[in-house]
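Below you'll find the structure, written out as C-alpha cells, and then a few comments.
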Amino acid sequence: MNRRFRLGKRTDFERVRRSGKSYAHPLIVLIALANELGQTRFGISAGRSVGGAVQRNRTKRRIRGVLTPIAVDVHSGWDLVFLARKGLENSTHHELDQAIKKLLARARLYP
Numbered sequence: 077m078n079r080r081f082r083l084g085k086r087t088d089f090e091r092v093r094r095s096g097k098s099y100a101h102p103l104i105v106l107i108a109l110a111n112e113l114g115q116t117r118f119g120i121s122a123g124r125s126v127g128g129a130v131q132r133n134r135t136k137r138r139i140r141g142v143l144t145p146i147a148v149d150v151h152s153g154w155d156l157v158f159l160a161r162k163g164l165e166n167s168t169h170h171e172l173d174q175a176i177k178k179l180l181a182r183a184r185l186y187p
C-alpha cells in the first residue's frame, strides 16, 4: 500500500477513534470517519493484546497485504482505522480477507 494512502499522525488516529463510527468483528475492528481530502486513508493498529513486537508487526503486515488489492475499490473520502484483535494471529489469510470485506460492506464503503 502506498504511503500517501496511510494515516501516519497520532492526531489523525485519535480524531478517527474519537469521532468515527466503529464496526466490530471477532478478528478486527473498523473505525470509519469521513474526510475532506477526496481520497481514502488507512491506518492499522495492533495493541499489546495481540502479542509482542514481532507478532504485532506481522499482524499489521498481514492486514496491509489484504487491504492493498481491495483499496482501489473502497469508496473515496474516508479515514479508516483497523484495530487488530487477539485471535487475528491464528487466522488464515482467507478468514482475514473475508472479515475485512465484511466490515467494509457493513460500513457501506465496499461494493
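Numbering (my numbering), first residue to last: 77 to 187. We put the CB at the ideal spot given by N, CA and C, even for glycine.
Worksheet item: Taking the DSSP output, what are the residues bridged to L109?
Response: Within the sequence shown, the letter at position 33 stands for residue 109. Its beta-bridge partners are D155.
Practice prompt. Have a look at L143 and G128 and give me their C-alpha separation to the nearest angstrom.
Written response: Against the sequence shown, residue 143 aligns to sequence position 67. Against the sequence shown, residue 128 aligns to sequence position 52. Computed Cα separation, rounded: 23 Å.
Discussion item. Does S167 come out as helix, strand or coil in the three-state DSSP assignment?
Written reply: The sequence position of residue 167 within the sequence shown is 91, counting from 1. Looking at S167 - three-state DSSP - the assignment turns out to be coil, as it is neither helix nor strand.
Worksheet item: In the stretch 109-142, which residue ranges form an unbroken beta strand (DSSP E) of at least 3 residues, counting only runs that do not cross its ends?
Response: If we require 3 residues or more, the beta strand (DSSP E) runs fully inside the stretch 109-142 come out as 117-122.
Worksheet item: So, are the CB atoms of P192 and G163 less than 8 Å apart?
Response: Outside the shown range of the chain (77 to 187) lies residue 192, about which nothing can therefore be said.
Worksheet entry | Spatial distance of E171 from E90 (CA atoms) | Translated into positions along the sequence shown, residue 171 becomes position 95. Translated into positions along the sequence shown, residue 90 becomes position 14. Those two C-alpha atoms are separated by around 28 Å.
Fill in: Backbone secondary structure at A100 - three-state DSSP
Reading the sequence shown from its first residue, position 24 is the one you call residue 100. Strand.
Worksheet entry | Whole-Å CB distance - A122 paired with A160, under 8 Å assumed | Within the sequence shown, the letter at position 46 stands for residue 122. Within the sequence shown, the letter at position 84 stands for residue 160. The pair is a contact, with the Cβ atoms about 4 Å apart (cut-off 8 Å).
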